[in-house]
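Structure first, commentary second.
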Amino acid sequence: MKIIAAQTKAEMNGKAADIFAKHISAKPDSVLGLATGETPRELYRSLIDRYEAGELDFSRITTFNLDEYVGLAPEHDQSYHYYMHDALFDQVNLAPERCHLPNGMAPDLDAECRAYEEQIEAAGGIDLQLLGIGVNGHIAFNEPGTPFDSTTHQVQLTPSTIEVNSQYFATPEEMPTTALTMGMKTIFEARRIVLVASGAQKADILRAAFFGPVTPEVPASILQQHNDVTLVVDEAAGTYI
Ligand code: PGA
Numbered sequence: 034m035k036i037i038a039a040q041t042k043a044e045m046n047g048k049a050a051d052i053f054a055k056h057i058s059a060k061p062d063s064v065l066g067l068a069t070g071e072t073p074r075e076l077y078r079s080l081i082d083r084y085e086a087g088e089l090d091f092s093r094i095t096t097f098n099l100d101e102y103v104g105l106a107p108e109h110d111q112s113y114h115y116y117m118h119d120a121l122f123d124q125v126n127l128a129p130e131r132c133h134l135p136n137g138m139a140p141d142l143d144a145e146c147r148a149y150e151e152q153i154e155a156a157g158g159i160d161l162q163l164l165g166i167g168v169n170g171h172i173a174f175n176e177p178g179t180p181f182d183s184t185t186h187q188v189q190l191t192p193s194t195i196e197v198n199s200q201y202f203a204t205p206e207e208m209p210t211t212a213l214t215m216g217m218k219t220i221f222e223a224r225r226i227v228l229v230a231s232g233a234q235k236a237d238i239l240r241a242a243f244f245g246p247v248t249p250e251v252p253a254s255i256l257q258q259h260n261d262v263t264l265v266v267d268e269a270a271g272t273y274i
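Our numbering numbers the first residue of the sequence shown as 34 and each following residue consecutively.
Printed below as a string of structure tokens:
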């Protein structure tokens, strides 16, 4: 595992964006795994800036997002479809047909999960996966206890995740309590993984995930066994590592 320590969140996102920019330039038809959440917004902004400066071309890139809520329309401003269009897709020359998120409105959610796995496989697998980490150690919506061999599946969100994410909804009751998520195996199979974490609230879980036992109770701990993981942290998140 490689650790890149930045002082501020902006610097952290700049360093993570450097990794993505280099990767895209070296392999312009890369398959990228993308994440939502508060942490990576500036990273996407930095990639947009580089695109606008003529330094990056997304025209042959394929993307797969980690997760999506069940039952939120793509137009809902808290859906991950909305987030991705707002934060990246609509601002660069990504081909819409090559940008994928699980469809949380699908009539048959199990079939949707299977189809998502097949699409990832048909694209040749994920070259570079961006991850955040939840305060309970989740990666994507793989909550503590999720088996390491899981593929894309439907999940019941934990009270901890509901508490953290419901603040973004107009009323907490509006937040869905289920979601579709890439599984632990799906994520682990990415050839290269970059995990970004910012803020003091992530310091304890980063220590547990990367220096504690590898256990499904701390989903991110599996990353200790991956051969190409880069952790990019700001000073507050990196306090104990
Ligand atoms: P955050 O989410 O970037 O909003 O902290 C990370 C996560 O829960 O995976």
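The C-beta atom is built at its ideal place from N, Cα and C for all residues, glycine as well.
{"Asked": "For E154, the first and last residue of its enclosing alpha helix (DSSP H)", "Found": "142-155"}
{"Asked": "Range of the contiguous beta strand (DSSP E) that encloses N98", "Found": "95-98"}
{"Asked": "Inter-residue spacing [alpha-carbon to alpha-carbon] between P129 and S92", "Found": "10 Å"}
{"Asked": "Inter-residue spacing [alpha-carbon to alpha-carbon] between L67 and I36", "Found": "20 Å"}
{"Asked": "Around the ligand PGA, Cβ to any heavy atom closer than 5 Å, ordered along the chain", "Found": "G70, E71, T72, G165, G167"}
{"Asked": "Exposure of D110, with buried meaning 16 or more beta-carbon neighbours within 10 Å", "Found": "exposed"}
{"Asked": "Minimum length 4: unbroken alpha helix (DSSP H) runs contained in the stretch 38-109", "Found": "42-59, 74-85"}
{"Asked": "Same chain only: Cβ atoms within 7 Å of T179, ignoring 5 sequence neighbours per side", "Found": "M217, P249, P252"}
{"Asked": "Rounded straight-line distance, which links the Cα of D182 to that of R78", "Found": "33 Å"}
{"Asked": "Pair within 8 Å by beta-carbon distance, V229 and G165", "Found": "yes"}
{"Asked": "4-residue-minimum alpha helix (DSSP H) runs that sit fully inside the stretch 148-224, ordered along the chain", "Found": "192-199, 217-221"}
{"Asked": "Alpha-carbon spacing of Q200 relative to T69, whole angstroms", "Found": "15 Å"}
{"Asked": "Presumed contact (8 Å Cβ cut-off) between M34 and L264, rounded CB distance", "Found": "6 Å"}
{"Asked": "Among H56, L99, L190, I238, nearest to L80 - alpha-carbon criterion", "Found": "H56"}
{"Asked": "The stretch 223-242 in contact with the stretch 255-272 per 3-pair CB rule at 8 Å", "Found": "yes"}
{"Asked": "Delimiting residues of the alpha helix (DSSP H) encompassing L239", "Found": "236-244"}
{"Asked": "Cα-Cα separation, Y273 to A38", "Found": "12 Å"}
{"Asked": "CA-to-CA distance, S112 to A269, given in whole angstroms", "Found": "28 Å"}
{"Asked": "N-terminal and C-terminal residue of the beta strand (DSSP E) that L264 is part of", "Found": "262-266"}
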